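**Student:** Take this structure, written in structure tokens, and hold onto it; I'll ask about it next.
Number of protein chains: 4
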Amino acid sequence: MTEKIDVRALQTRLARFAAARDWERFHTPKNLVAALSVEASELVEIFQWLTPEQSARVMDDPESAHRVEDEIADVLAYLLQLCETLGVDPLAALSAKIDRNETRFPVPGAHANDRHSPES
Amino acid sequence: MTEKIDVRALQTRLARFAAARDWERFHTPKNLVAALSVEASELVEIFQWLTPEQSARVMDDPESAHRVEDEIADVLAYLLQLCETLGVDPLAALSAKIDRNETRFPVPGAHANDRHSPES
Amino acid sequence: MTEKIDVRALQTRLARFAAARDWERFHTPKNLVAALSVEASELVEIFQWLTPEQSARVMDDPESAHRVEDEIADVLAYLLQLCETLGVDPLAALSAKIDRNETRFPVPGAHANDRHSPES
Amino acid sequence: MTEKIDVRALQTRLARFAAARDWERFHTPKNLVAALSVEASELVEIFQWLTPEQSARVMDDPESAHRVEDEIADVLAYLLQLCETLGVDPLAALSAKIDRNETRFPVPGAHANDRHSPES
Chain A
198 MTEKIDVRAL QTRLARFAAA RDWERFHTPK NLVAALSVEA SELVEIFQWL
248 TPEQSARVMD DPESAHRVED EIADVLAYLL QLCETLGVDP LAALSAKIDR
298 NETRFPVPGA HANDRHSPES
Chain B
198 MTEKIDVRAL QTRLARFAAA RDWERFHTPK NLVAALSVEA SELVEIFQWL
248 TPEQSARVMD DPESAHRVED EIADVLAYLL QLCETLGVDP LAALSAKIDR
298 NETRFPVPGA HANDRHSPES
Chain C
198 MTEKIDVRAL QTRLARFAAA RDWERFHTPK NLVAALSVEA SELVEIFQWL
248 TPEQSARVMD DPESAHRVED EIADVLAYLL QLCETLGVDP LAALSAKIDR
298 NETRFPVPGA HANDRHSPES
Chain D
198 MTEKIDVRAL QTRLARFAAA RDWERFHTPK NLVAALSVEA SELVEIFQWL
248 TPEQSARVMD DPESAHRVED EIADVLAYLL QLCETLGVDP LAALSAKIDR
298 NETRFPVPGA HANDRHSPES
């Protein structure tokens, strides 16, 4: 359903949210990357004592599922604010990175000339 | 320009990339959050010795700009793979979080009854 | 053997090392905690794709053993420099924390009145 | 005063603490490094919105001073437990690292032959 939430719209909401509270002065790139890493660690904290198998079932419990979604939201919030501040398009940056990685990590066993059409 | 890169399309590319290299077995939620936090720290590393003012100019230097974009891409890549694995919609999660934060952190000076229409 | 390396002596060496290179101006508490967290993530990076069982054998390979020791040294270096800057005694802080945790997390099955003398 | 708290004694207390609560099964190297990085991030969280100047005065406020000491203790606790599990001597590892760094980062302006006796 999600009806047209997009990255731009979220960045606009985040910028208005910060501006209304006069929080922009805290949002240097240096502070935003620190906050991003702190939120990423709060995600790690949820999983730190779990076995790999337990970690795969983390969404089965409604309380931990909510906690995971909440921390994912926080990571994304700081990532988008950082990108806004720096003038980086995160989706374009990732797309370009996947392009580079396809060259850097060739598919094992794929021949250079059939990589993009394995069926040929 | 960026012509229609969206989150879903990136998640599909990332899933195919991992599947082609047989990397899916490494991508437990526990491992993905660890990798996400490591990439977030690689962003922090770029800024760790900078003053707030220097951090605001980090994109002026092409080499550090590229490094920043590269690490942003890595953070986003692991975040999207985590969301795919867990069945979380990251944009919906962030939208819901902003809704909650608007209640949790009321705008200072805004009266309860005009909070959503400051111009009235 | 380790012949008398102690925390104070290491702090003195680290302080002289930084002073000789004029690096003290970078060592605000804010920067030192960022650097500490970056080094902790470099430790995580070594383990991020390992199974729990593989992680238990990490010291069997001389190269990864060296890498682990190197990152442990970096974490400790920034922790000790932070403590020096803030005037915190890290060993006393940990000793006090263990005291608090013994109250906070009582041993399961231990009766309140025999906790400190299980043999009585 | 601190009367003879040393690293070995703290490691012994931590090992007994974990054993008494049957927590050893959680303490794989992989989990301990994750926990270490989470605690390091809790330190970062205290400083994330502070200016460099504010960060230098963090111990002036008793409440934030206590919080800083508490997180330093947690970082050290996981670092020492990790070292115990892996058989690494953290003080020897740091001492060896400082030796290597003295070669890697020569003092600017110091001549090779007077580096260790600038007064000569």
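Chains as they are written, first to last, in my numbering: chain A, 198 to 317; chain B, 198 to 317; chain C, 198 to 317; chain D, 198 to 317.
All residues carry an ideal CB built from backbone N, CA and C; glycine is no exception.
Being a predicted model, the structure only gives us computed values, none of them experimental.
Report the rounded CA-to-CA distance for PRO249/C versus GLU236/D, giving the unit in angstroms.
**Tutor:** Their backbone Cα atoms lie some 20 Å apart in a straight line.
**Student:** What residues in its chain sit with their C-beta under 7 Å from that of ALA212/B, if we drop five residues either side in the sequence?
**Tutor:** Closer than 7 Å at Cβ, skipping near neighbours: GLU281.
**Student:** Pull up the CB-CB distance for GLN245/B and ASN228/C, whole angstroms please, since I reckon it's below 8 Å.
**Tutor:** About 6 Å separates the two Cβ atoms, so the contact holds.
**Student:** Can you name the residues of chain C whose CB is closer than 7 Å to the CB of ALA231/D?
**Tutor:** Under the 7 Å cutoff, chain C gives VAL241.
**Student:** Express the C-alpha separation of ALA231/B and LEU283/C in angstroms, rounding to a whole number.
**Tutor:** Going from the Cα of LEU283/C to the Cα of ALA231/B covers about 29 Å.
**Student:** What three-state label does DSSP hand VAL204/B in the structure shown?
**Tutor:** The answer is helix: DSSP assigns VAL204/B an H, G or I state.
**Student:** I'd like the list of long-range same chain contacts for LEU247/B, defined as Cβ closer than 8 Å, with 5 residues on each side in sequence excluded.
**Tutor:** The residues are VAL255.
**Student:** Kindly indicate which three-state DSSP category HIS263/D falls into: helix, strand or coil?
**Tutor:** DSSP places HIS263/D in helix when its eight states are reduced to three.
**Student:** Among ARG222/A, ALA290/A, HIS263/A, ASP219/A, which one has its Cα closest to the Cα of LEU276/A?
**Tutor:** For LEU276/A, the nearest C-alpha among the options comes from ALA290/A.
**Student:** Along chain A, in chain order, which residues have C-beta atoms closer than 9 Å to that of PRO249/C?
**Tutor:** Within 9 Å Cβ-Cβ: THR248, PRO249.
**Student:** Would DSSP call PHE302/B helix, strand or coil?
**Tutor:** The answer is coil: DSSP assigns PHE302/B none of H, G, I, E or B.
**Student:** Can you pull the chain D residues whose beta carbon is under 7 Å from the beta carbon of SER252/B, in chain order?
**Tutor:** Residues of chain D passing the Cβ test: none, with the nearest at roughly 11 Å.
**Student:** With a cut-off of 8 Å on the beta carbons, I'd call ILE202/B and LEU273/A a contact; round off their distance for me.
**Tutor:** So it is not a contact: roughly 16 Å between Cβ atoms.
**Student:** Closest Cβ-Cβ distance between SER292/B and chain D: below 8 Å?
**Tutor:** No, SER292/B lies away from the interface with chain D (no Cβ there is under 8 Å from its Cβ).
**Student:** Tell me whether GLN278/C sits in a helix, a strand or coil according to DSSP, three-state version.
**Tutor:** Looking at GLN278/C - three-state DSSP - the assignment turns out to be helix.
**Student:** If you reduce the DSSP assignment to three classes, tell me which class ASP258/C lands in.
**Tutor:** ASP258/C: coil per DSSP, three-state reduction.
**Student:** Just the C-alpha distance for PRO305/A and VAL265/A, rounded to the nearest angstrom, thanks.
**Tutor:** So the alpha carbons of these two residues sit roughly 34 Å apart.
**Student:** Return the residue from the list SER234/B, VAL241/B, GLN278/B that minimises the CA-CA distance to GLN208/B.
**Tutor:** That would be GLN278/B, whose Cα lies nearest to the Cα of GLN208/B.
**Student:** Could you check where the alpha helix (DSSP H) with VAL230/C kicks off and where it finishes?
**Tutor:** Unbroken alpha helix (DSSP H) run through VAL230/C: 226-244.
**Student:** For my contact list, PHE333/C and ILE295/D are in at a C-beta cut-off of 8 Å; report their separation, rounded to the angstrom.
**Tutor:** This structure leaves residue 333/C out entirely; chain C is present only between 198 and 317.
**Student:** For PRO226/A, does the count of other Cβ atoms within 10 angstroms reach 16, so buried, or fall short, so exposed?
**Tutor:** With 16 or more other Cβ atoms within 10 Å, it is buried.
**Student:** Count the other C-beta atoms from every protein chain shown that fall within 10 angstroms of the C-beta of ASP271/D, then say buried if there are 16 or more, exposed otherwise.
**Tutor:** That one is buried.
**Student:** Could you check whether LEU240/C and LEU233/D sit closer than 8 Å to each other, using their CB atoms as the reference points?
**Tutor:** It is a contact, given that the beta carbons lie within the stated cut-off.
**Student:** Using the C-alpha atoms, what's the distance from ALA206/B back to GLU221/C?
**Tutor:** Approximately 47 Å, taken between the alpha carbons.
**Student:** On the premise that VAL204/D lies in contact with LEU269/C, defined as a C-beta separation below 8 Å, what is that separation, rounded to the nearest angstrom?
**Tutor:** The question names Leu, but residue 269/C in the sequence shown is Ile. So it is not a contact: roughly 13 Å between Cβ atoms.
**Student:** Output, in chain order, the set of chain A residues within a Cβ distance shorter than 7 Å of PHE223/D.
**Tutor:** Correct list: TRP246.
**Student:** Is SER234/D close to chain B, meaning its C-beta is less than 8 Å from at least one C-beta of that chain?
**Tutor:** It does; some Cβ of chain B falls within 8 Å.
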